[in-house]
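From first to last, the protein sequence lines are chains A and B. Start counting the first sequence at 1110; every next residue gets the next number (this note's numbering). Start counting the second sequence at 685; every next residue gets the next number (this note's numbering).
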Amino acid sequence: MTQITVKRLWKEYDTQVVLENVSLHVGDHEFVTIIGASGCGKTTFLRMLLGVEMPSRGEFLIDGEPLPREPGPDRGIVFQRYSLFPHMTVLQNLLLGLELHGSPVLARLFGARRRAAVARAEELLEAVGLGASRGKYPAQLSGGMQQRLSIAQSVICQPKILLLDEPFGALDPGVTADMHELILKLWNLNKMTVVMVTHDVQESFHLGTRLLVFDKVRVDPQAPDRYGATITYDIPLKGHRRQPYLTAP
Amino acid sequence: MRRLVNQRPTRGGILVLSLMPFVLLIAVYLAASNARLSTNPGDKLLPSPATLAATIHRYALDEDERTGDVLLWTDTFASLKRLLVALLVSALLGVTCGVAIGVIPYLRATLAPFIAALSLIPPLAILPILFIVAGLGELAKVLLIIIGVAPVIVRDLAFRTQELAPEQMIKAQTLGASTWQLILRVVLPQTWPRLIDALRLSLGAAWLFLIASEAIASTDGLGYRIFLVRRYLAMDVILPYVAWITLLAFIMDALLRLLRSKAFPWA
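Okay, structure coming up:
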């Protein structure tokens, strides 16, 4: 069971208020999609959940515990780009999480433990459709394949929460539809909570069980940085999720 | 007519064009040497090909009358030993300090300004200190090269480490990596090709400091020989030695380049 609780959260940089008065409760196995205008703080919110930025005020709790002040294995992340390790092959990228868990000093597995890890990684590779590319380096993969791998890489560690930062923003529309199938499949299989930032409204309705819209409720034209964004709409989406998704031709 | 920026030579054309300056240089030398020798057969500045060949034969194949060594090879061996030991130590220092400074903010705050200051000391200015402290033996010469080369490699690798995508670092942590695991599996493997680049760029400086230290206090080595025969205006020795040093440096550079492309196909 994973519960994310946010209480009266503020985030400020010097004089700029990015987020103000954000309160939220996310239950177990929800798929939360976040949309909002550029610069409205949705990525900042995700980065705070990830642990690379700290709230200025307010509380961020996971299962009642304060959020650790650094990234950890309970929260997986898929960025839009650059989250693969360029010096490792597809299989090695996928194995890394298992090796880090199983071998604190050498960070490598040997013998039977390695064979078990490889078997598990290969099973997941097949599931995400990368079985034939196991020996390639990330630079040799297409953008869609890279994101499949990045998602698989996070999922193999079975995080409680998976964070997605515009993961499909740089992909072709046709590829994106496949990716949606994949992420929904993995979300159901692994029973994790997903928080996804996107700029694609259709995508946010299609994937989410709950849609959050970040926007500013107060604007001072003389001091645009004075007020921050907050959650202006919190829409439950259960019924929408299974409807056919319209892709661009 | 296509623009000049869009016109490319063929493979054969590249070979011919790249050899042309060398051929031109040799031709100019031969003509000048011939002209000088025809007016003064005793001229020592631009020796003829026959004289050069005889000298190379004497240095590379015959034993020295006094010591019984074949001078070119003893000199080459002595110099390469100093150079390679110094480069090895510099590479080790570069990787350990560079990665540590690049990855760990507290170490960066402590050491980065210090190493920046160290790298600005002109190594030749402290050569006397090295001779006083470490004596006139091998240690001072190797130390000079290390002092000249290592801080640059450390700084370069520290910068390169900091340039690694922050997304990679965060991703590794979400996969459970500790600081040590992060260094071992993510940072170090990506440092090796950059170390090779840094070494290639440092080769010129390393040779400079090697020759400088050999010229001042040594009893063998390529730099020692050049500065020894200088007093006899022995251009027939100096020119082949310079060409030989250049060839050695070129081979080392080519080997490092080959190693980089073979060992790190992803880079």
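Positions of the beta carbon are idealized from the N, C-alpha and C atoms, including for glycine.
For Pro-960/B, which of helix, strand or coil comes out of DSSP?
An answer regarding residue 960/B cannot be provided, because it is not within the stretch 685 to 951 covered by chain B.
Report the neighbours of Ser-1263/A on chain B: residues whose CB is nearer than 9 angstroms to its CB, in chain order.
Within the first sequence, residue 1263/A is the residue found at index 154, counting from 1. Those within 9 angstroms of Ser-1263/A in chain B are Lys-855, Thr-858, Leu-859.
Based on DSSP bridge pairs, tell me the residues matched to Arg-1166/A.
Stepping through the first sequence from its first residue, residue 1166/A is reached at position 57. DSSP, once it has assigned bridges, lists Trp-1119/A as partnering Arg-1166/A.
Closer than 8 angstroms at the beta carbon, the chain A residues around Gln-846/B:
By one-based count along the second sequence, residue 846/B stands at place 162. Here the premise fails: no neighbours, minimum Cβ distance about 15 angstroms.
Once you ignore the five residues that flank Val-871/B on each side, which residues in its own chain have a CB closer than 8 angstroms to its CB?
Along the second sequence, read from residue 1 onward, the residue named residue 871/B stands at position 187. Take Val-871/B, set aside five residues on each side of it, and the residues of its chain with a beta-carbon closer than 8 angstroms to its own are Val-783, Gly-786, Val-787, Thr-845, Leu-848, in chain order.
If you measure between the beta carbons of Leu-1272/A and Arg-1184/A, is that distance less than 8 angstroms?
Within the first sequence, the letter at position 163 stands for residue 1272/A. Within the first sequence, the letter at position 75 stands for residue 1184/A. It is a contact, given that the beta carbons lie within the stated cut-off.
Between the alpha carbons of Lys-825/B and Ala-1241/A, how many angstroms are there, rounded?
Within the second sequence, numbered from 1, the residue matching residue 825/B stands at position 141. Within the first sequence, numbered from 1, the residue matching residue 1241/A stands at position 132. Each residue's Cα considered, the two are about 54 angstroms apart.
Return helix, strand or coil for Asn-724/B, following the three-state DSSP convention.
Taking the first residue of the second sequence as 1, we reach residue 724/B at position 40. Asn-724/B falls in the coil class under three-state DSSP.
Return the Cβ separation of Val-1310/A and Ile-1144/A in integer angstroms, given the expectation that the two are a contact with Cβ distance under 8 angstroms.
Mapped onto the first sequence, residue 1310/A falls at position 201. Mapped onto the first sequence, residue 1144/A falls at position 35. With a contact defined as Cβ atoms closer than 8 angstroms, Val-1310/A and Ile-1144/A qualify at about 6 angstroms.
Segments assigned beta strand (DSSP E), at least 3 residues, entirely inside the segment 1157-1215 of chain A
1166-1171, 1184-1187
Can you give, in chain order, each stretch of the alpha helix (DSSP H) that sits fully within the segment 844-928 of chain B and has at least 4 residues?
Within the segment 844-928 of chain B, the complete alpha helix (DSSP H) runs of at least 4 residues are 850-858, 872-900, 906-913.
Would you list the one or two residues that DSSP bridges to Ala-719/B?
Taking the first residue of the second sequence as position 1, residue 719/B is located at position 35. Note: Ala-719/B sits in no beta bridge, so no partner.
Counterpart residues of Ile-1344/A in DSSP-defined beta bridges
By 1-based counting over the first sequence, the position of residue 1344/A is 235. Leu-1320/A.
Output yes if chain A places a C-beta closer than 8 angstroms to the C-beta of Leu-879/B; else output no.
By 1-based counting over the second sequence, the position of residue 879/B is 195. False, the Cβ-Cβ gap to chain A never drops below 8 angstroms.
If we cut at 8 angstroms on Cβ distances, does Ala-770/B have a partner in chain E?
The structure shown contains no chain E; the protein chains it does contain are A and B.
Cβ neighbour criterion (16 or more within 10 Å) applied to Glu-1232/A:
On the first sequence, position 123 is the one that residue 1232/A refers to. Glu-1232/A is exposed by the Cβ-count criterion.
Helix or strand or just coil, what does DSSP make of His-1308/A?
Within the first sequence, residue 1308/A is the residue found at index 199, counting from 1. His-1308/A: coil per DSSP, three-state reduction.
For chain A, is any of its Cβ atoms less than 8 angstroms away from the one on Pro-873/B?
Position 189 of the second sequence, counting from 1, holds the residue named residue 873/B. Yes - at least one Cβ of chain A is within 8 angstroms of the one on Pro-873/B.
Look up Gly-1278/A in the DSSP assignment and give the residues it is bridged to.
For the purposes of this step, residue 1278/A is taken as the residue at position 169 of the first sequence. Gly-1278/A pairs with nothing; no bridge assigned.
What do you get for Thr-723/B, buried or exposed, if any count of 16 or more other CB atoms within 10 angstroms of its CB means buried?
Residue mapping note: residue 723/B aligns to position 39 of the second sequence, counting from 1. It counts as exposed.
Rounded to a whole number of angstroms, what is the C-alpha to C-alpha distance between Thr-1111/A and Leu-1239/A?
For the purposes of this step, residue 1111/A is taken as residue 2 along the first sequence, with counting starting at 1. For the purposes of this step, residue 1239/A is taken as residue 130 along the first sequence, with counting starting at 1. Cα-Cα distance, rounded: 30 angstroms.
Distance cutoff 8 angstroms, beta carbons only. Does Phe-1188/A sit that close to anything in chain B?
As a working note, residue 1188/A is residue 79 in the first sequence. Closer than 8 angstroms to some Cβ of chain B, the Cβ of Phe-1188/A qualifies, so yes.
Report back the beta-carbon spacing between Leu-721/B and Gly-778/B to the nearest angstrom; my notes put them in contact at under 8 angstroms.
Within the second sequence, residue 721/B is the residue found at index 37, counting from 1. Within the second sequence, residue 778/B is the residue found at index 94, counting from 1. Not confirmed; about 49 angstroms, so no contact.
Within the continuous alpha helix (DSSP H) that includes His-741/B, where are the two ends?
Taking the second sequence and counting its residues from 1, the one referred to as residue 741/B is at position 57. Looking at the DSSP string, the run of the alpha helix (DSSP H) that includes His-741/B is 733-744.
In three-state DSSP terms, what is His-1134/A?
Your numbering for residue 1134/A matches position 25 in the first sequence. The answer is strand: DSSP assigns His-1134/A an E or B state.
Assigned exposure category for Ile-1344/A - 16 Cβ within 10 Å defines buried:
Here residue 1344/A is taken as the residue at index 235 of the first sequence, counted from 1. By the 10 Å Cβ count, Ile-1344/A comes out exposed.
Status (buried if at least 16 other CB within 10 Å, exposed otherwise) for Lys-946/B
Taking the second sequence and counting its residues from 1, one reaches residue 946/B at position 262. Lys-946/B comes out exposed.
So, helix, strand or coil for Thr-1114/A, using DSSP?
Position 5 of the first sequence, counting from 1, holds the residue named residue 1114/A. Note: Thr-1114/A maps to strand in three-state DSSP.
What first and last residue would you give for the beta strand (DSSP E) that runs through Val-1237/A?
As a working note, residue 1237/A is residue 128 in the first sequence. It is not in any beta strand (DSSP E) - Val-1237/A carries neither H nor E in the DSSP assignment.
In this structure, does DSSP put Ala-1085/A in helix, strand or coil?
Residue 1085/A lies beyond the range of chain A shown here (1110 to 1358); nothing can be said about it.
Only counting the same chain, and skipping five residues up and downstream in sequence, which positions put a Cβ closer than 8 angstroms to that of Thr-1356/A?
Working through the first sequence from its first residue, we reach residue 1356/A at position 247. Residue placement at Thr-1356/A is flagged as unreliable, the pLDDT there being 44, under the threshold of 50; a coordinate-derived value is accordingly withheld.
For Ile-910/B, which residues in the same chain have their Cβ closer than 6 angstroms to its Cβ, ignoring the five residues on either side in sequence?
For the purposes of this step, residue 910/B is taken as residue 226 along the second sequence, with counting starting at 1. So the list reads Ile-922, Tyr-925, once near-sequence residues are dropped.
Just checking my contact of Ile-1260/A with Val-1187/A at CB under 8 angstroms: how many whole Å lie between their CB atoms?
For this step, residue 1260/A is matched to residue 151 along the first sequence. For this step, residue 1187/A is matched to residue 78 along the first sequence. So it is a contact: roughly 5 angstroms between Cβ atoms.
Give me the Cα-Cα distance between Pro-789/B and Gly-1167/A, rounded to the nearest whole angstrom.
Here the question's residue 789/B lines up with position 105 in the second sequence. Here the question's residue 1167/A lines up with position 58 in the first sequence. Straight-line Cα distance between these residues: approximately 27 angstroms.
Which residues bound the alpha helix (DSSP H) around Thr-1142/A?
For the purposes of this step, residue 1142/A is taken as residue 33 along the first sequence, with counting starting at 1. Taken as a continuous stretch (DSSP letters only), Thr-1142/A belongs to no alpha helix (DSSP H), being part of the beta strand (DSSP E) at 1140-1145.
What residue from Arg-915/B, Ala-716/B, Ile-831/B has the CA that sits closest to Leu-802/B's CA?
As a first step, residue 802/B is located in the second sequence; it is residue number 118 there, counting from the start. Looking only at Arg-915/B, Ala-716/B, Ile-831/B, the smallest Cα-Cα distance to Leu-802/B is reached by Ile-831/B.
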